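Residue numbers (our numbering): 2 to 1152.
Heads up, the beta-carbon is just placed ideally off N, CA and C, and yes, glycines get one too.
As the structure is a prediction and not an experimental result, all values here were calculated from the model.
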């Protein structure tokens, strides 16, 4: 029995040895005279074929490592002229490459098998009549080999094999047995663009259209291959134009309709998708898109897709149809008279070549909203040159050309740009370092420059309450009624009984002239000589917001200068925001929101234009625009500090298109929004579409929600911004973006950010914002309150760094601990403290940076032992808002100069960029007096990444991203720049060390971080980026970030500075050096070096690299590169996150 069980094994071993023996004989025959050995060769190859057909192990033996079996077989195939021997060898190869084809095919290609097969194909085509079996074998093998050979297309073209296969197809249209492998090979040929053009000229397109046809249950495999081949051929614009010119677009649409109508059981979805693939490639050219529209393609695909929606397995059809329809959707003009901001501000002078100069250089009458042609005709010129290495270009990573490679430029260099006599004026901001300190400052801690209020600065201010919610028997105010005078408003805390300071939600009463309704009913208040008054109960947030005071806020508003001369105050800014106690999870995106719902609703605008209202309900460009008061339209407003909404258009009964205003003196940067909505119906789903977004991706695609503040909820005791909205997505729309707005690039489109909201309250007024608003007046109020927190232990001084272009004050804070006494020793210790320089809000739309700064300031001014230790360790110089004008006027990126201030640090202009000019000058003064800051950190926000992280500057880590050859001495660098990020990763739950990067890029060389590092000589010069969305790691994983977490991050940053002091104290440096040595060893691990693959192109200048999360752009055209993406500095996983959070623990070592 044992012998019977082992018979197959023994037979296999015997067969394997026989094959090796036969291969040896065949190899000897190849070395002898060929003509005399034809019969022997035929017999040996026949025996080998028989063995490998019956015994699998013999195939493995022939293909095993070190075996010469493939070499012998290919040598025999190349040299034989015997038909049967050739057929035997082709059959052997077919058997070998059928099972385990991946590795075996790779071996075949590496041995030169592809070229031998192609030569055999061409030589055999010259022998007439052609042997059908031979052609079948060759094409079957070529189909298996072609996809594995990267140069297959080039080899086929150079060997002349293209026309041979085309002729085989032409003469075998009815011979499906041979036709199928020929079509399969033709499909592989067509993957090469040059080949596709050549095949089109050889008549391959006509052949494909002869094969495809209406619905049939026969030869579906053949039809599928023919459609795939046709789709590949149509990727060539030349072939696509040929097909459109001959009227094949209606043909393809008719074929698709026929298959859709007859394939009721959806058994042939793959064929239907292939037909759509052909249509899609035809619509890649303008001529094809026009033919699609003329053939009623929009309606055909819309109707067929609508019928497919209930069947989820048909999603590939829906997605491809959506892509085609969106691509062919006629480009619309953005409904604006100009893309320039509604507001303009006269500049003292205009820099030649700057963005404002470019705006003014446009000839009169030029339409800057849309180009004369929204298509870039130049892109349709075929550049399909016959090159030898076009296949080699794919699959290779490109070097990021934005990384600085000049070592001399990378090395920090201290530059004395201005004479010290000019810098001496900044001594007044550093009195603590001077001899005047004891006389003036020591006796009066907490000195604050008084805020001046110009009574003629503003018109009377309107305080938003429930003015629009009057009872029906009360007539609304006439449009020419004067606004309420701010001075006539008072706050009364006339609650029953004594006020309880510990009550979280106590109520105050806001008294305004006139009658106001609450919840639809008139409320009578105290009587004054002026007549009747109304009382609105509102939450008194003082118990929860010690730094917020509505009365003080109004006083601060009086001194705020805006370009539009705002006369209204937004309710959320007036009464404040109480952070939610509830966690707000990152929104899980509903399946099919983009392709199934939003896109099809947009397409319906073209299909059913009669359903579109197209009613303008709010328009800053036309202040006299009549606002519908029919009760069917929402009411919008953005005319308050930091507000941004330019236009609102009612599209359907409950759908609105919204357009954001450009930054002042600019024609782009549309991202920040903050506006008011009223007159809504409760329980109704309203859709809002912000249609002129510019970035190509957004965290709105990954769970971020908009923020909403309900006045009604605030009155009911919940004065807070909450994340809201469903069906949120961000995608390219059909509104054309002019080349003027797109940096010279033509054919670009805007993007839509769309969300749906259901209002819960009747007679409500709600505010929507991109992120938690933080106005300039709010900052002034907070600073005023902070000054009142001073104790005898705190040295707090507030100066005016400068006046902005718009006439607003830019505050500069100095915070440290008072010296223990006025003795020379204590004063000397006081002055020897290192300086930490912090700044924030250079970009107005990054409001989260102000909330982080608020957390830092509150921690610094607190009475905790840690805060006192921190004040005793450093002298803080803080500019909490570098761009007050941009914040006030609702800009997203720029100041009133129309420029990104964080790109002006290399050469700031004193008139156009005063805050940057004087901030840099102050830093230069500190360096000139031997007080170069130990740490510089500029707080920012990030719109396309999660968590909080830092960007720093490192010569080593920058060079390691390039191919520059440098010696170790050239890269000598102290790794102390990594200490603070490492410490923060140990303490702050929102901080992600793996997201940090220390690479210096050319496009960032004029930013604060790089200039302060390079010119001022601050090794620890950082940008700290806080997400606008949420976290994907740590304690807050899966949660959207709120003001509580942002303020916590600001406080934790301060604690990190306290820990950093240990590592910069000379007594601790002997331990610190060993930590840095270990850190350098970690950095040398090649796995820790991030890969940067995206080249830098024209961008809306940002401080953030591209966000690379996958997004379902199933209905998105991907035939153009996105210029708005900067290179992504991939996760730098140098140091693992620690698990300990303990405060100032000896466990915080950096290794």
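- A direct Cα-Cα distance of roughly 38 Å separates residue 169 from residue 309.
- Here residue 803 is actually not in contact with residue 959; their C-beta atoms are around 33 Å apart, not less than 8 Å.
- Separation of the CB atoms of residue 372 and residue 739 is rounded to 5 Å, and the pair is thereby assigned contact status at 8 Å.
- The alpha-carbon of residue 703 is positioned some 39 Å away from that of residue 147.
- Under the three-state reduction of DSSP, residue 203 is assigned to coil, being neither helix nor strand.
- Here residue 882 is near residue 851, since their CB atoms are less than 8 Å apart.
- Listed in chain order, the beta strand (DSSP E) runs fully inside the stretch 677 to 704 are 686 to 694, counting runs of at least 3 residues.
- Note that the stretch 676 to 684 does not touch the stretch 803 to 817; fewer than 3 beta-carbon pairs, one per stretch, sit closer than 8 Å.
- Taking every protein chain shown into account, the CB of residue 632 has fewer than 16 other CB atoms within 10 angstroms, so this residue is exposed.
- Exclusion of the five residues before and after residue 120 leaves 160 as the residues of its chain whose Cβ lies within less than 7 Å of its Cβ.
- DSSP places residue 619 inside the beta strand (DSSP E), whose first and last residues are 616 to 620.
- A check of alpha carbon separations from residue 356 across 94, 341 and 74 identifies 341 as the nearest.
- The alpha-carbon separation between residue 956 and residue 997 amounts to approximately 15 Å.
- As for any alpha helix (DSSP H) of minimum length 4 sitting wholly inside the stretch 286 to 356, the runs are 287 to 295, 298 to 309 and 316 to 329, ordered along the chain.
- Of the candidates 187, 935 and 659, 187 places its Cα closest to the Cα of residue 223.
- Assigned with DSSP and collapsed to three states, residue 662 falls in coil, not helix or strand.
- The C-beta distance from residue 167 to residue 227 rounds to 13 Å, too long to meet the 8 Å contact threshold.
- The C-beta separation of residue 642 from residue 777 comes to about 7 Å, placing the pair in contact by the 8 Å criterion.
- Around the beta carbon of residue 421, fewer than 16 other beta carbons lie within 10 angstroms, which makes this residue exposed.
- Contact between residue 80 and residue 31 holds: their C-beta atoms lie close to 6 Å from each other, under 8 Å.
- Apart from sequence neighbours up to five positions away, the residues of its chain that approach residue 43 with a beta-carbon distance below 8 Å are 83, 85, 86 and 89, ordered along the chain.
- Nearest to residue 623 by C-alpha distance, out of 767, 891, 200 and 344, is 344.
- When the alpha-carbon of residue 286 is set against those of 262, 244 and 943, the nearest one is in 244.
- When the alpha-carbon of residue 19 is set against those of 93, 52 and 1038, the nearest one is in 52.
- Among the bridge pairs identified by DSSP, residue 949 is matched with 992 and 1027.
- A straight-line Cα-Cα distance of about 18 Å links residue 235 and residue 183.
- Of the other Cβ atoms in all chains shown, fewer than 16 fall within 10 Å of the Cβ of residue 654; this residue is therefore exposed.
- Taking a contact to require three or more Cβ pairs closer than 8 Å, the stretch 867 to 886 and the stretch 698 to 713 do not qualify as touching.
- For the 8 Å CB-CB criterion, residue 943 and residue 1040 do not form a contact.
- When DSSP states are grouped into helix, strand and coil, residue 767 belongs to the strand group.
- The alpha-carbon separation between residue 428 and residue 975 amounts to approximately 31 Å.
- In this structure, the straight-line span from the alpha carbon of residue 865 to that of residue 790 is close to 13 Å.
- Around the CB of residue 671, 16 or more other CB atoms lie within 10 Å, so the residue is classed as buried.
- Membership of residue 649 in the beta strand (DSSP E) is indicated by the continuous run 648 to 653.
- For residue 872, the closest C-alpha among the options 807, 928, 793 and 890 is that of 793.
- Listed in chain order, the beta strand (DSSP E) elements of length 3 or more contained wholly in the stretch 709 to 767 are 723 to 725, 727 to 738 and 749 to 759.
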